[in-house]
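Visitor: Below you will find the structure I want to go over with you.
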Amino acid sequence: MDARYLLYGITYAFACAVQPGPLQSYLISQTLKNGWRSTLPAALAPVLSDGPIVLLVLFLLRTIPTELIIGLRIGGGAFLLFLGMQAFIAWKKVEPLNVSADAKKQTLSRAVLVNLINPSPYLSWSLVMGPWLLQGWQSAPVNGIALIAGFYSTMIIMLAGIVMLFSFAGKLGAKVSKTLLLIAAIVLLLFGIYQLSIGIADLVHGIPLHEMG
Numbered sequence: 018m019d020a021r022y023l024l025y026g027i028t029y030a031f032a033c034a035v036q037p038g039p040l041q042s043y044l045i046s047q048t049l050k051n052g053w054r055s056t057l058p059a060a061l062a063p064v065l066s067d068g069p070i071v072l073l074v075l076f077l078l079r080t081i082p083t084e085l086i087i088g089l090r091i092g093g094g095a096f097l098l099f100l101g102m103q104a105f106i107a108w109k110k111v112e113p114l115n116v117s118a119d120a121k122k123q124t125l126s127r128a129v130l131v132n133l134i135n136p137s138p139y140l141s142w143s144l145v146m147g148p149w150l151l152q153g154w155q156s157a158p159v160n161g162i163a164l165i166a167g168f169y170s171t172m173i174i175m176l177a178g179i180v181m182l183f184s185f186a187g188k189l190g191a192k193v194s195k196t197l198l199l200i201a202a203i204v205l206l207l208f209g210i211y212q213l214s215i216g217i218a219d220l221v222h223g224i225p226l227h228e229m230g
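Residue numbers (the working numbering): 18 to 230.
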């Protein structure tokens with residue numbers, strides 16, 4: 018197994034989980050309203066909601082030319098840079114993980130719905146995770162499995178951590194989440210630079226998908 022794919026999944030999930038977003042806001046609002054016990058199961062929402070997204074994206078990626086995959090890799094690098102800048106701006110403005118004002122009664126099914134209508138999973142799987150997964154799977158299926166396992170295990174742990182943090186930490190929660198947001202911004206910017214450099218190199222040299230990485 019190439020340990021890089023496990024590392025990709027873990028670090029990208031960390032960066033995604035601590036960014037301000039609809040699901041994170043929903044989890045925080047429900048934690049503050051209903052407590053951690055009723056909110057904690059909602060940390061599983063990405064695992065339950067991403068299945069159809071992943072299958073659709075992978076089906077489309079397998080039917081398009083290698084050149085377009087390389088283009089998606091370059092687009093993914095730009096997307097990661099954009100997310101990194103957004104996270105950095107949120108950190109500068111001291112706006113980590115804002116709580117949604119119109120959050121309703123917490124259920125796991127509602128958290129799944131929040132994630133399904135969130136554009137981030139579609140963009141992430143189309144531009145970042147999808148090409149990585151295809152690349153890893155074609156080199157060795159265990160690499161693709163490691164990527165997915167690292168990503169979703171880290172995502173669940175981080176979302177559960179957010180719930181517990183805002184349940185027990187009080188004012189410390191905002192300070193810790195702000196620090197995590199800065200780390201996420203740095204990680205995303207580094208990932209963006211890395212993916213852009215690979216995509217541009219692949220475009221220049223015409224490297225086929227199965228030889229990337």
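In this text, a Cβ means the ideal position worked out from N, Cα and C, and glycines have one as well.
Taking the alpha-carbon positions, what's the ALA177 to ARG21 distance?
Guide: Here the question's residue 177 lines up with position 160 in the sequence shown. Here the question's residue 21 lines up with position 4 in the sequence shown. Using only the alpha carbons, I get a separation of about 25 Å.
Visitor: For my contact list, ALA34 and MET146 are in at a C-beta cut-off of 8 Å; report their separation, rounded to the angstrom.
Guide: For the purposes of this step, residue 34 is identified with residue 17 of the sequence shown, where counting begins at 1. For the purposes of this step, residue 146 is identified with residue 129 of the sequence shown, where counting begins at 1. Cβ atoms of ALA34 and MET146 stay farther apart than 8 Å, at about 14 Å.
Visitor: Quick check: what's the CA-CA separation for GLY88 versus LEU61?
Guide: Against the sequence shown, residue 88 aligns to sequence position 71. Against the sequence shown, residue 61 aligns to sequence position 44. Straight through space, the alpha carbons of LEU61 and GLY88 are spaced by roughly 32 Å.
Visitor: Is the distance from the Cβ of GLY38 to the Cβ of SER126 below 8 Å?
Guide: Counting from one through the sequence shown, the residue named residue 38 turns up at place 21. Counting from one through the sequence shown, the residue named residue 126 turns up at place 109. Contact: no.
Visitor: Have a look at VAL116 and ARG54 and give me their C-alpha separation to the nearest angstrom.
Guide: Stepping through the sequence shown from its first residue, residue 116 is reached at position 99. Stepping through the sequence shown from its first residue, residue 54 is reached at position 37. Any reading at VAL116 must be qualified, since the residue scores a pLDDT of 46, below 50, and its modelled position is unreliable; no value is offered.
Visitor: What residue does the alpha helix (DSSP H) around MET175 start on, and which one ends it?
Guide: Here residue 175 corresponds to residue number 158 of the sequence shown, with the count starting at 1. That run of the alpha helix (DSSP H) goes 158-185.
Visitor: At the level of alpha carbons, what is the spacing between LEU72 and ILE27?
Guide: Taking the first residue of the sequence shown as 1, we reach residue 72 at position 55. Taking the first residue of the sequence shown as 1, we reach residue 27 at position 10. Their backbone Cα atoms lie some 21 Å apart in a straight line.
Visitor: Please report how far the alpha carbon of ASP67 lies from the alpha carbon of ILE173, in whole angstroms.
Guide: Indexing the sequence shown from 1 puts residue 67 at position 50. Indexing the sequence shown from 1 puts residue 173 at position 156. Rounded to whole angstroms, ASP67 to ILE173 spans 13 Å at the Cα level.
Visitor: In terms of alpha-carbon separation, which member of ALA59, GLY52, LEU24 lies closest to GLN41?
Guide: Residue 41 sits at position 24 when you count from the first residue of the sequence shown. The residue with the shortest Cα to Cα distance from GLN41 is ALA59.
Visitor: Give the DSSP-derived three-state secondary structure of LYS122 in the structure shown.
Guide: As a position in the sequence shown, residue 122 is number 105, starting the count at 1. In this prediction, LYS122 has a pLDDT of 42, which is less than 50 and means its spatial position is unreliable; nothing more can be read from the coordinates.
Visitor: Under 8 Å by Cβ, that's how I've got LEU77 and LEU151 pegged, so tell me the actual separation to the nearest angstrom.
Guide: For the purposes of this step, residue 77 is taken as residue 60 along the sequence shown, with counting starting at 1. For the purposes of this step, residue 151 is taken as residue 134 along the sequence shown, with counting starting at 1. With 8 Å as the limit, LEU77 and LEU151 do not qualify as a contact, their Cβ atoms being about 11 Å apart.
Visitor: Considering only residues of the segment 35-75, which uninterrupted alpha helix (DSSP H) runs meet the minimum length of 4 residues and lie entirely inside it, listed in chain order?
Guide: 39-51, 53-56
Visitor: Can you give me the C-alpha to C-alpha distance between LYS121 and THR48, rounded to a whole angstrom?
Guide: As a position in the sequence shown, residue 121 is number 104, starting the count at 1. As a position in the sequence shown, residue 48 is number 31, starting the count at 1. At LYS121 the pLDDT is 38, less than 50, meaning the model places this residue with poor confidence and gives no usable figure here.
Visitor: Should ALA30 be labelled buried (16 or more other beta-carbon atoms within 10 Å of its own) or exposed?
Guide: Sequence index remark: in the sequence shown, residue 30 carries index 13 (1-based). Buried, because 16 or more other Cβ atoms sit within 10 Å of the Cβ of ALA30.
Visitor: Which residues in the same chain as PHE208 place their Cβ atom closer than 6 Å to its Cβ, once the five residues preceding and following it in sequence are excluded?
Guide: Here residue 208 is taken as the residue at index 191 of the sequence shown, counted from 1. So the qualifying residues of the chain are LEU97.
Visitor: If I'm right that SER214 touches ASP19 with Cβ under 8 Å, what's the distance once you round it to whole angstroms?
Guide: Sequence index remark: in the sequence shown, residue 214 carries index 197 (1-based). Sequence index remark: in the sequence shown, residue 19 carries index 2 (1-based). About 19 Å separates the two Cβ atoms, so there is no contact after all.
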